[in-house]
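Chains as they are written, first to last, in my numbering: chain H, 48 to 419; chain U, 48 to 419.
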């Protein structure tokens with residue numbers, strides 16, 4: 048019989064992804080208990096903007112009432128640096144689940160890791176910020192070159208799709224990744240699959256952006272998707288894992304779909320009301336592609352040998368897997384020496400609370416296996 | 048600084064996959080050494096049919112001369128049970144790499160595992176044999192319910208494609224897998240992509256089988272592919288990982304493409320010479336599908352709820368991802384509750400020495416991370 052052990056979990060952020068994660072976490076505990084797992088997982092800290100819930104003595108929190116208890120809590124949120132100090136004093140191993148999109152918290156990852164706290168997160172910010180922060184994190188992590196906590200971030204690219212783990216395995220087993228290309232944004236996927244479906248049809252660009260917004264596929268302000276920065280952040284992470292020293296997500300060409308003339312719009316609503324003025328430009332692009340028997344898609348690509356990373360619109364043959372994408376699916380093509388002319392392809396939903404949380408839960412399980 | 052440690056590796060089988068594995072293993076050792084890894088990997092045993100090479104004192108073998116040294120060796124091959132005893136006495140942790148397709152060796156996996164030997168292998172035989180052997184293996188393995196060695200077999204389905212690890216993560220994180228469907232044989236993929244490409248064309252069935260054989264895409268005797276058993280073995284493994292208690296690969300419907308009248312052929316050559324007699328039947332099938340705007344593909348599917356597993360020919364719309372497959376690629380679609388109507392898709396080369404060995408090398412790295 049293996050020795051019983053307790054592992055503490057601390058969760059920051061209980062919004063869309065955070066709520067799904069807590070449900071998956073509770074179900075995981077139930078399955079582990081039913082399987083008589085020798086590992087006991089306890090939630091000992093939870094926080095959301097302005098509120099937190101924890102005890103100095105690391106008393107396990109009640110998952111059944113966690114939402115209400117956090118609502119009722121009078122404890123203010125801990126600054127990231129104070130949270131480092133708190134978790135560092137825990138009598139058991141700790142896994143921090145960062146469900147925020149905060150750079151402030153990510154900047155403390157090296158400090159958490161050096162104190163032995165492991166981190167699993169869908170938060171892209173830290174991994175796509177300065178290369179210095181990237182190096183600092185992986186110099187501290189046990190699955191980097193250090194001997195601190197473990198660090199996993201599968202859901203930062205393609206949500207729960209096995210994108211980063213697959214790329215790492217290609218690199219770690221000595222394959223030569225030559226090119227990575229794909230559709231990395233569920234929003235952009237939905238938008239262009241609607242704007243220019245294979246076989247014709249689709250409304251005006253502004254109308255399709257409005258439809259995507261109304262259906263909840265875009266950020267509250269659609270400019271946060273259309274500026275291409277979300278995709279640029281994901282490409283930064285992939286390129287770094289492929290061995291390129293990308294300084295930051297603005298150090299390579301990123302095409303913004305926000306027309307120059309609308310960059311000064313004061314609000315998202317103002318922007319949306321003026322977007323139809325530029326429908327002719329997008330229609331022209333669509334027509335040009337159609338004349339070549341192609342469709343337009345918003346893609347990211349990394350050419351590893353020439354270190355060329357770029358994000359923007361490209362034309363694809365109607366028969367290309369990127370053209371045939373459905374709904375808001377992501378597709379990622381890894382071209383490598385071993386796979387030859389036909390890439391390794393991973394495709395499926397790359398956004399949404401449940402699948403994003405699944406990537407986080409999967410990372411949590413990886414850490415549990417490694418924390419012997 | 049982590050403490051230095053030595054890990055022993057024993058390799059059975061140095062054929063197509065085995066040779067690629069040894070090259071990848073040697074390159075891995077070099078990279079680890081350059082990265083000043085505290086782990087020292089040493090090959091202490093290698094064998095092929097009728098020959099083996101090892102010392103009673105576990106002296107590391109010289110990888111640079113391994114092929115010649117094994118050729119020159121006068122040591123007979125160890126029976127699997129004798130190998131268990133030998134490796135059990137090793138003073139360091141041992142990882143056994145079984146590159147054979149032998150059931151005899153696989154039947155000793157539980158014994159190896161109970162002695163603390165970890166196993167990584169592309170050998171399908173044991174995992175698709177009796178359910179009893181499956182249970183016995185995972186009752187012994189540390190990544191099952193036991194506390195022996197670790198057991199990984201990614202390359203038993205889809206070669207190096209991340210098929211089994213992805214399925215395990217879906218299950219482990221609590222997603223509900225409803226259906227698995229795909230093309231699981233590089234040979235069958237090549238054969239039907241040539242026989243009935245999307246858009247028309249393709250030669251007679253017998254001619255395409257001959258072409259596939261001449262290009263080395265089939266087993267030496269093509270009947271070993273056409274009987275569907277290879278795909279049935281892979282489906283058995285996937286269904287078991289999805290939670291179904293499949294007794295063996297003949298306990299569900301498997302369509303053989305060997306015509307009844309040719310089942311008694313005495314040799315592969317005899318079979319090949321008579322196969323053209325049945326071209327009309329296959330041509331009729333092709334025509335029927337074409338009339339519906341579809342193509343014929345040889346697929347496997349698992350309906351988890353109804354526990355229905357089957358292998359055989361099915362028709363797909365020309366626009367379906369399974370129809371659009373290229374060359375000898377595999378495609379695997381996981382339909383799950385979290386992924387909804389659009390499946391998680393993994394696609395790429397599912398056969399070949401380098402990509403199969405890559406799955407084995409990847410599994411070796413997983414074991415190294417877990418062997419703390």
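Ideal Cβ positions, reconstructed from N, Cα and C, are used throughout, including at glycine. For clarity, every value in this text was computed on a predicted model and none was experimentally measured.
query	result
Minimum Cβ-Cβ distance from residue 213 of chain H to chain U less than 8 Å	yes
Residues near residue 228 of chain U by beta carbon distance below 6 Å, same chain, minus five either side	348 and 380
Closer than 8 Å to chain U by CB, residue 54 of chain H	no
Cutoff 8 Å; reference residue 275 of chain H; Cβ partners in own chain excluding five residues on either side	301, 302, 303, 304, 345, 358 and 359
Identity of the residue in U/80, U/196, U/180 and U/181 nearest residue 491 of chain U by Cα	No answer is possible for residue 491 of chain U: it lies beyond the span of chain U, which begins at 48 and ends at 419.
Coil, strand or helix - residue 229 of chain U by DSSP	strand
Three-state class that DSSP yields for residue 362 of chain H in the structure shown	strand
Every unbroken alpha helix (DSSP H) inside the segment 118 to 184 of chain U [4 residues or more]	127 to 135, 150 to 153 and 156 to 161
Bridge partner(s) assigned by DSSP for residue 194 of chain U	In DSSP, residue 194 of chain U forms no bridge with anything.
Reduced DSSP category for residue 344 of chain U - H, G, I as helix; E, B as strand; rest coil	strand
Contact with chain U by residue 235 of chain H, beta-carbon distance below 8 Å	no
6 Å Cβ shell around residue 234 of chain H - same chain, five flanking residues per side excluded	264, 265 and 272
Given 8 Å, three or more beta-carbon pairs between the segment 335 to 344 of chain H and the segment 182 to 198 of chain H	no
Classification of residue 207 of chain H by the beta-carbon crowding that lies within 10 angstroms, buried from 16 upward	buried
Neighbour list for residue 169 of chain H in chain U, Cβ cutoff strictly below 7 Å	Those within 7 Å of residue 169 of chain H in chain U number zero; the least Cβ separation is about 14 Å.
Identified DSSP bridge partners for residue 388 of chain H	Its beta-bridge partners do not exist; DSSP assigns none.
8 Å Cβ cutoff, residue 51 of chain U in contact with chain H	no
Straight-line Cα distance separating residue 261 of chain U from residue 307 of chain U	24 Å
Burial state of residue 128 of chain U, where buried means 16 or more other Cβ atoms lie within 10 Å	exposed
Distance between residue 245 of chain H and residue 165 of chain U (C-alpha atoms, nearest Å)	49 Å
Contact set between residue 244 of chain U and chain H, taken where Cβ atoms lie within less than 7 Å	Chain H residues near residue 244 of chain U: none, gap ~11 Å exceeds 7 Å.
Contact set between residue 58 of chain H and chain U, taken where Cβ atoms lie within less than 9 Å	In chain order: nothing, as chain U lies at least about 16 Å away.
Of the listed residues H/219, H/92, H/315 and H/230, nearest to residue 6 of chain H (C-alpha basis)	Look at the range of chain H in this structure, 48 to 419, and you will see that residue 6 of chain H is not part of it.
Coarse secondary structure for residue 260 of chain H, derived from DSSP in three states	helix
Whole-number beta carbon distance between residue 404 of chain H and residue 68 of chain H, since they are thought to touch under 8 Å	4 Å
Contact with chain U by residue 402 of chain H, beta-carbon distance below 8 Å	yes
Own chain residues within Cβ distance below 8 Å of residue 255 of chain U, not counting five before or after	238, 241, 242 and 249
C-beta atoms of residue 295 of chain H and residue 177 of chain H nearer than 8 Å	yes
Assigned secondary structure, residue 278 of chain H (DSSP; H/G/I helix, E/B strand, else coil)	helix
Chain U contact for residue 319 of chain H (CB, 8 Å cutoff)	no
Close-in-space but distant-in-sequence residues of the same chain around residue 285 of chain H (CB under 7 Å, 5 per side omitted)	204, 214, 227 and 349
Chain-ordered neighbours of residue 79 of chain U on chain H, where CB pairs are closer than 9 Å	Under the 9 Å cutoff, chain H gives no residues; its nearest Cβ is about 10 Å from residue 79 of chain U.
Of the listed residues H/311, H/287 and H/77, nearest to residue 354 of chain H (C-alpha basis)	H/287
Length of the line joining the Cα atoms of residue 278 of chain U and residue 325 of chain H	53 Å
Assigned exposure category for residue 172 of chain U - 16 Cβ within 10 Å defines buried	buried
C-beta neighbour in chain H for residue 289 of chain U, strict 8 Å	no
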